[in-house]
Every structure is written in C-alpha cells, then in structure tokens.
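Engineer:
Numbering (this note's numbering), first residue to last: 482 to 576.
#1: In whole angstroms, what separates the C-alpha of residue 540 from that of residue 521?
#2: Please give the ranges of any alpha helix (DSSP H) in the segment 499–546, keeping only runs that are unbroken, at least 4 residues long and fully inside the region.
#3: Let me make sure I understand the geometry here. Which of 544, 532 and 516 has the alpha-carbon closest to that of residue 505?
#4: Residues in its own chain within less than 6 Å of residue 512 by CB, not counting five upstream and five downstream?
#5: Which word fits residue 510, buried or exposed, when buried means at least 16 other C-beta atoms lie within 10 angstroms of its C-beta?
#6: Which residues in the same chain have their Cβ closer than 6 Å to the Cβ of residue 491, if we skip the five residues on either side of it in sequence?
#7: Taking DSSP as the reference, what is the three-state secondary structure of residue 491?
#8: Taking all protein chains shown into account, do 16 or more other C-beta atoms lie within 10 angstroms of the C-beta of residue 526, making it buried, or fewer, making it exposed?
#9: Taking 6 Å as the limit between beta carbons, can you name the residues of its chain near residue 524, skipping five residues before and five after?
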C-alpha cells in the first residue's frame, strides 16, 4: 500500500473501508453464482455500501470537512432505505 492511500486520511478508518470493500466484492462474486436475483445478498451488499458511506462521513467529520460529511451521511441514509426495501422484497418473495 502506497503512501497515497493514507495521505490526509484517518488510517484506522481507511483500513476498515478496505475491509468493507473486500467483503463487498466477495459477496458480489458469491451472489453472481446463478441467474436468479437473491434479495438477501443484494440487501447485504447495500448494507455494506451504506457502512462504507458512513465510514467516509465519519472520516470527513474528523477531518473537519463538514459539508462532505453531511453529504456522505445523506448517502448512508439513502442506501439504508434501499437496503430496507430490498429486505422487504425478500420477505414478500418468501410468502
């Protein structure tokens, strides 16, 4: 990992973001094993994306970039709402 990744960033949050990104790609690859839409994996992927946005927002808040932090927190809420709808579709599909 080069110095560019950690430059002007909170190192512990960058590492957490990398872990979430790797988890997202592993989950995405696993969910593509067949042609059916699996709402469970889709919802989990959206939850991971919302956690990534939350980490970005916390990092920007720590770095005193309040406007970016508010934007990232708004994206977090949007992806949480989308994940909630996806899990609701999973519930409807199972009935």
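C-beta: ideal position from N, C-alpha, C; glycine also.
Structural biologist: Taking the definition as stated:
#1: Rounded to whole angstroms, residue 540 to residue 521 spans 29 Å at the Cα level.
#2: Inside the segment 499–546, DSSP marks whole alpha helix (DSSP H) runs of 4 or more residues at positions 520–543, from first to last along the chain.
#3: It is 532 whose Cα lies nearest to the Cα of residue 505.
#4: For residue 512, where only same-chain residues beyond five positions count, the Cβ hits under 6 Å are 519 and 522.
#5: Looking at its Cβ environment, which holds fewer than 16 other Cβ atoms inside 10 Å, residue 510 is exposed.
#6: Apart from the 5 residues on each side of it in sequence, residue 491 sits with its Cβ closer than 6 Å to the Cβ of 540 and 543 in its chain, given in chain order.
#7: Coil, per DSSP.
#8: Buried, since its Cβ has 16 or more Cβ neighbours within 10 Å.
#9: The residues are 564, 567 and 568.
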